[in-house]
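For the sequence shown, my numbering assigns the number 276 to the initial residue and increments by one for each residue that follows. C-beta atoms are modelled at their ideal positions from N, C-alpha and C, and glycine is treated no differently. Report on the structure given below.
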Amino acid sequence: MKDNTKLLTYITYGILISAVSVLLNDMREFDFNQFEKFTNWAKSADKNEPWFTSKNAIEWSYYALNAGLFFWGGYLIYGFSYFLSILKEIEDGNYFSDKNIKYFKKIGNIFISYTVSVLILRFLLASIEESTFNFFNELKAEFTFLIPAGLAFYILAEIFEKGKQAEEDNELTI
């Protein structure tokens with residue numbers, strides 16, 4: 276069992292490293308000069324012009340929404356890091372520990388909140404860019420895995436909680 280846990284730990288580290296590199300590459304390709312353009316516009320903007328309809332406000336919204344997408348990508352990676360904690364508990368022989376139950380619930384929560392938040396941000400981004408946004412295609416493309424996985428982790432947490440209760444009852448029985 277210990278060899279399998281080590282292998283799963285190495286695989287998890289590989290997934291985490293590749294996910295971080297993808298996120299960093301996406302951030303590198305993003306135009307961060309937009310913030311400088313916005314601050315220059317803020318200094319020279321006509322104070323009588325409505326801010327929400329100006330071109331720079333729309334560009335700033337695009338910038339802010341993309342920053343939100345980067346944040347949620349990092350948050351998803353953070354959620355995957357809980358797998359390492361679960362594997363450490365399993366390696367130590369604590370299969371039905373309170374920590375594992377808590378980690379499974381956190382992973383489920385992160386997966387579901389990531390999916391909902393990114394879907395909302397992509398909808399807003401599409402409305403700013405005046406592009407076509409198809410709710411079902413967006414949901415199908417990337418998110419059909421994460422919502423069921425998040426729910427599965429909630430179910431696993433419940434199963435582990437029942438397993439912990441059964442283990443405690445078994446220890447009390449002589």
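Which residues in the same chain as PHE358 place their Cβ atom closer than 6 Å to its Cβ, once the five residues preceding and following it in sequence are excluded?
-> THR287
Count the other C-beta atoms from every protein chain shown that fall within 10 angstroms of the C-beta of ASN300, then say buried if there are 16 or more, exposed otherwise.
-> exposed
message = For THR280, which residues in the same chain have their Cβ closer than 8 Å to its Cβ, ignoring the five residues on either side in sequence?
response = LEU362, ILE365 and GLU366
Roughly how many angstroms separate the alpha carbons of PHE305 and GLY425, rounded to a whole number? 29 Å
Q) Does DSSP classify ASP278 as helix, strand or coil? A) helix
**Asked** What did DSSP end up calling GLY289 once you bin it into helix, strand or coil?
**Response** helix
Considering ASP444, what are the terminal residues of the alpha helix (DSSP H) in which it resides?
421-447
Inter-residue Cα distance where the pair is GLY343 and LEU447: 50 Å
Checking 9 Å against the spacing of the C-beta atoms, do LEU421 and ILE387 come in under that value? yes
From GLY289, TYR378, ASN341 and SER392, pick the residue whose C-alpha is nearest to that of ARG303; which is it? ASN341
Checklist line | Residue of ILE430, ILE395, PHE345 and ALA441 minimising C-alpha distance to SER296 | finding: PHE345
Pull up the distance between the alpha-carbon of ASN445 and that of TYR378, whole angstroms please.
24 Å
request  = Would you mind stating whether PHE355 and ALA294 have Cβ atoms separated by less than 9 Å?
outcome  = yes
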